[in-house]
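Trainee: Just so it is clear: in the sequence shown, position 28 is 28 by UniProt numbering, and no numbers are missing. Here a beta-carbon is modelled for each residue, glycine too, at the ideal position from N, C-alpha and C. Since the structure is predicted, the reported quantities are computational estimates derived from the model, not experimental observations.
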Amino acid sequence: MSTPLRLGTRGSALALAQSQQTADALTAATGRPVELVRIVTPGDRSSAPVAQLGVGVFVSALRDALLANEIDFAVHSYKDLPTAPHPSLLIAAVPPRQDPRDVLISRSDLTLAELPPGSVIGTGAVRRIAQLHALGLELQVTPIRGNIDTRIARVLGPEADLDAVVLARAGVARLGRTAEITETLDPMLMLPAPAQGALAVECRSGDADLVELLAALDHAPSRSAVVAERALLATLEAGCSAPVAAHAELAEGEEGDEIYLRGAVISPDGSRAIRLSRTGTPADAAEIGKALAADLLENGADTLLGSTE
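#1: I'd like to confirm the pairing. Which residues does DSSP put opposite residue 240 in its beta bridges?
#2: If you run the structure through DSSP and keep just helix, strand and coil, what is residue 247?
#3: Run through the stretch 122 to 191 for me and flag every whole alpha helix (DSSP H) of 4 or more residues, listed as ranges in chain order.
#4: With C-beta atoms as the reference, is residue 129 less than 9 Å away from residue 141?
#5: Just to confirm, is the Cβ distance from residue 107 to residue 164 under 9 Å?
#6: Based on Cα-Cα distance, which residue from 300, 144, 276, 134 lies nearest to residue 292?
#7: Once DSSP output is grouped into helix, strand and coil, what is the label at residue 288?
#8: Suppose you measure from the CA of residue 115 to the CA of residue 124; what does that come to, to the nearest Å?
#9: Please return the same chain residues whose Cβ sits closer than 6 Å to the Cβ of residue 29, not counting the five positions on each side in sequence.
#10: Would you identify the three-state DSSP class for residue 255, choosing helix, strand or coil?
#11: Which residue's Cα is closest to the Cα of residue 266: 192, 18, 211?
#12: Using the C-alpha atoms, what's the distance from residue 149 back to residue 176?
#13: Taking the straight line between their C-alpha atoms, what separation do you get for residue 104 and residue 35?
#14: In angstroms, rounded to a whole number, what distance separates the CA positions of residue 15 and residue 60?
#15: Between the C-alpha atoms of residue 211 and residue 162, what's the straight-line distance to the nearest angstrom?
#16: Return the first residue and the last residue of the beta strand (DSSP E) that residue 277 is part of.
#17: Where does residue 211 fall in DSSP's three states?
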């Protein structure tokens, strides 16, 4: 029997679920056993809003364990990763992406459009808060923290204090709780976060044998979509701090597969938004993202931060 590979994971129910699913997929594809190693991150120990904690707070401890050779590879929610590549680490695989859309879970089983004015909706993402304000539905939006089970309990639990929450569909699905979803939100209403629903399988770049092994998990269409969305985000980060959303879809074109990338930058209060799109081939995924970001900046995306209610 081969020595088990050590897969580093956060200890939350969602992280454990997506890590176990990845471990099972790797064993099925290669025959190599995998054991999970739990790593506590600073983000797990803090109750501060995610926006205050900063990008990468859930990633740094896993990367430290990788660099210290305490684990062999790690699985991240791709959207948690900083956009700049790490000099010593490599994204060896992007497994098939889950549905990237957001969902509504409401106490009265009402859709977003059916919620009465004044209803209180909880979400942790400034991107979702901005887009909820932009809909003009007179809803009260409150920032919340906590894992998926905790957030759903604030709507459906015995001590519920919210009328609804907005969550990523992928996380709800990975925990087997899709039956509680009231509505899957059309991206035209709620454009997802860049790389939402995607996982990143990361290892040391110098570990050539493991890089080759992990490649068995890679799903090229998912990787192309994520590359386009993340290139848009990385380009905007230099010139704009307003909430950013992006969604890339692959479809058959007349001359082969095409990427259709939509991007949006929204003022925090939702009063202003710039929404544009671009198309191109999967081979040009990064360039499509950069070009769309440039289009958004040309149209004033960098002026949207600081708009207040």
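Mentor: Reading it off the structure:
#1: Bridge partners of residue 240: none, in fact.
#2: Of the three classes helix, strand and coil, the one that applies to residue 247 here is strand, per DSSP.
#3: Runs found: 126 to 134, 148 to 156, 169 to 174.
#4: For residue 129 and residue 141, yes; Cβs fall inside 9 Å.
#5: A distance below 9 Å separates the beta carbons of residue 107 and residue 164.
#6: Ranking the options by Cα distance to residue 292, first place goes to 276.
#7: Helix.
#8: Using only the alpha carbons, I get a separation of about 19 Å.
#9: Exclusion of the five residues before and after residue 29 leaves 216 as the residues of its chain whose Cβ lies within less than 6 Å of its Cβ.
#10: Looking at residue 255 - three-state DSSP - the assignment turns out to be coil, as it is neither helix nor strand.
#11: When only C-alpha atoms are compared, the closest one is 192.
#12: Going from the Cα of residue 176 to the Cα of residue 149 covers about 11 Å.
#13: C-alpha separation (whole angstroms): 34 Å.
#14: Taking the straight line from one Cα to the other gives about 15 Å.
#15: So the two alpha carbons sit approximately 45 Å from each other.
#16: That run of the beta strand (DSSP E) goes 273 to 280.
#17: Helix.
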